[in-house]
Amino acid sequence: MAKSRVLVVGGTGYIGKRIVKASLAEGHRTFILRRPEIGLDIDKLQILMEFKRQGAELIEGSFSDHRSLVEAVKQVDVVICTMSGVHFRSHNILLQLKLVDAIKEAGNIKRFLPSEFGADPAQMENALEPGRVTFDEKMTVRKAIEEANIPHTYVSANCFGGYFVGNLSQMETLVPPKHKVSIYGDGNVKVVFMDEDDIATYAIKSIDDPRTLNKTLYLRPPENILSQMELVEKWEKLTGKTLEKTSISAEDFLARLQGADFATQVGLGHFYHIFYEGCLTNFEIGENGEEASELYPEVQYTRMHEYLQRYL
Ligand SMILES: NC(=O)c1ccc[n+]([C@@H]2O[C@H](COP(=O)([O-])OP(=O)(O)OC[C@H]3O[C@@H](n4cnc5c(N)ncnc54)[C@H](OP(=O)(O)O)[C@@H]3O)[C@@H](O)[C@H]2O)c1
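At the far end of the sequence shown sits residue 312, using the UniProt record's numbering, and the numbering has no gaps.
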């Protein structure tokens with residue numbers, strides 16, 4: 001079977017870059033949307049030019065120009081959208097509704113992967129305000145996809161290593177603490193930590209796989225299901241130093257919502273669900289889901305002691 005042609009929308013972004021790389025590595029003809037709006041953003045243009053050098057094809061198209069999106073979509077079999085969705089950075093999840101309209105009109109797409117790549121929003125019905133906006137918007141996009149009968153796969157990628165591992169899951173920093181570490185509750189709630197390149201590899205493997213059609217692909221490789229305490233212990237073993245640990249009760253953690261700015265409140269809510277409630281692991285994968293490391297045992301996924309070595 002010929003490999004699908006892939007269009008990445010958001011290809012210069014944090015996870016988008018990895019998706020482009022994985023798509024090229026798996027031998028897919030890979031297209032990237034080049035938006036005229038990037039204007040004088042030299043970094044984005046350089047990323048696009050480098051991908052072009054590696055074999056990707058650039059297609060011009062804009063979210064302000066429906067026809068251009070339809071024409072872009074018509075050139076491929078699979079669309080992967082990695083639209084921004086982190087509040088302290090950039091968040092435009094609902095813009096994807098325009099892409100859904102274009103895919104619906106084009107009518108040729110065999111698989112669409114919308115910008116998900118986090119906690120499964122379908123499990124987050126009772127999420128706290130205001131952080132629930134992320135899950136609500138992702139569910140709105142899902143609804144539009146399903147109403148338009150667009151074949152899809154939702155990738156639930158759990159915690160990106162760059163945001164949750166290097167910093168031992170401390171908020172407001174991306175590097176490991178030197179002396180003291182805050183522990184959420186008893187630190188024993190199970191979380192799933194992922195290397196970003198592995199997320200992209202699993203996502204690309206799913207696009208031509210009938211087993212993931214109209215399903216959620218959960219990334220839960222067994223050795224990466226760890227508690228915060230286990231993560232901290234891995235770092236302590238690597239450095240040979242013991243960190244001073246302070247446990248934060250759920251009550252004290254939630255009290256931080258008061259007076260915090262919007263983006264921080266969103267982040268606090270997400271951390272609460274992950275580290276106190278265990279929202280990434282407190283449910284079984286049902287019949288509408290598949291687990292990535294079971295489907296693709298050939299992927300040698302990165303273990304978190306390896307990921308942490310980058311921070312030594
Ligand atoms: N699980 C986790 O730990 C975790 C962490 C971070 C993010 N995520 C999720 O991963 C997904 C992608 O996030 P990210 O951090 O990779 O995103 P990002 O790097 O902030 O942005 C991705 C892309 O979104 C596009 N974009 C932004 N604003 C746009 C606009 N106004 N019009 C058109 N395109 C626009 C840009 O595409 P161009 O390349 O075309 O400029 C940008 O490169 C989101 O769903 C997010 O929630 C999960």
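Ideal placement from N, C-alpha and C gives every residue a C-beta, glycine not left out.
{"Item": "With three or more C-beta pairs closer than 8 Å as the rule, is the segment 197-210 touching the segment 97-117?", "Value": "yes"}
{"Item": "With distance defined between alpha-carbon atoms, name the residue in 90, 65 and 108 nearest to residue 7.", "Value": "108"}
{"Item": "Identify, in the order they occur along the chain, each residue of the same chain with its Cβ nearer than 6 Å to the Cβ of residue 106, setting aside the five sequence neighbours on each side.", "Value": "70, 73 and 74"}
{"Item": "Per DSSP, which residues does residue 159 bridge with? Please list them.", "Value": "193"}
{"Item": "Is it the case that the CB of residue 22 approaches a heavy atom of ligand 1 more closely than 6 Å?", "Value": "no"}
{"Item": "Locate the alpha helix (DSSP H) running through residue 18, then write down its first and last residues.", "Value": "14-25"}
{"Item": "Mapping DSSP to helix, strand and coil, what is residue 215?", "Value": "strand"}
{"Item": "Tell me, please, which residues DSSP counts as bridged to residue 290.", "Value": "217"}
{"Item": "Would you mind reading off the limits of the alpha helix (DSSP H) that contains residue 299?", "Value": "Note, residue 299: premise wrong, no alpha helix (DSSP H); not H, not E."}
{"Item": "Does the separation of the CB atoms of residue 191 and residue 232 fall below 7 Å?", "Value": "no"}
{"Item": "If you pair each beta-carbon of the segment 125-141 with each one of the segment 171-187, do three or more pairs fall below 8 Å?", "Value": "no"}
{"Item": "Count the other CB atoms within 10 Å of the CB of residue 280; is the residue buried (16 or more) or exposed (fewer)?", "Value": "buried"}
{"Item": "Which residue wins for smallest C-alpha separation from residue 139, given the options 303, 193, 79 and 216?", "Value": "216"}
{"Item": "Please report the straight-line C-alpha distance between residue 188 and residue 162, rounded to a whole angstrom.", "Value": "21 Å"}
{"Item": "Do the CB positions of residue 63 and residue 98 come within less than 7 Å of each other?", "Value": "yes"}
{"Item": "Counting Cβ pairs, one atom from each stretch, are 3 or more of them under 8 Å apart for the segment 265-277 and the segment 168-177?", "Value": "yes"}
{"Item": "Which runs of the beta strand (DSSP E) at least 3 residues long sit entirely within the segment 219-278? Give them in chain order.", "Value": "225-227 and 244-248"}
{"Item": "Between 100, 43, 2 and 55, which lies nearest to residue 21 when the distance is taken from Cα to Cα?", "Value": "55"}
{"Item": "Smallest Cα separation from residue 28: which of 203, 67, 121 and 101?", "Value": "203"}
{"Item": "Using a 10 Å radius around the Cβ and a threshold of 16 neighbouring Cβ atoms, would you call residue 42 buried or exposed?", "Value": "exposed"}
{"Item": "Look up residue 154 in the DSSP assignment and give the residues it is bridged to.", "Value": "216"}
{"Item": "Just grab the DSSP bridge partners of residue 85 for me.", "Value": "91"}
{"Item": "Below 6 Å, is the gap between the Cβ of residue 320 and the nearest heavy atom of ligand 1?", "Value": "Because the chain spans 1 through 312 in this model, residue 320 falls outside it and cannot be assessed."}
{"Item": "Rounded C-beta distance between residue 88 and residue 255? I'm assuming under 8 Å.", "Value": "The Cβ separation is near 20 Å, so there is no contact."}
{"Item": "Pop quiz: residue 177 and residue 243 are said to be a contact at Cβ under 8 Å. What is the actual Cβ separation, rounded to whole angstroms?", "Value": "7 Å"}
{"Item": "Go through its chain and collect everything with a Cβ distance to residue 278's Cβ below 8 Å, but skip five positions before and after it.", "Value": "189, 190 and 191"}
{"Item": "Using a Cβ-Cβ cutoff of less than 8 Å, which residues in the same chain neighbour residue 193 once the five nearest sequence positions on both sides are dropped?", "Value": "158, 159, 161, 164, 165, 224, 226, 231, 304 and 307"}
{"Item": "Measuring CA to CA, which of 250, 290 and 237 is closest to residue 185?", "Value": "250"}
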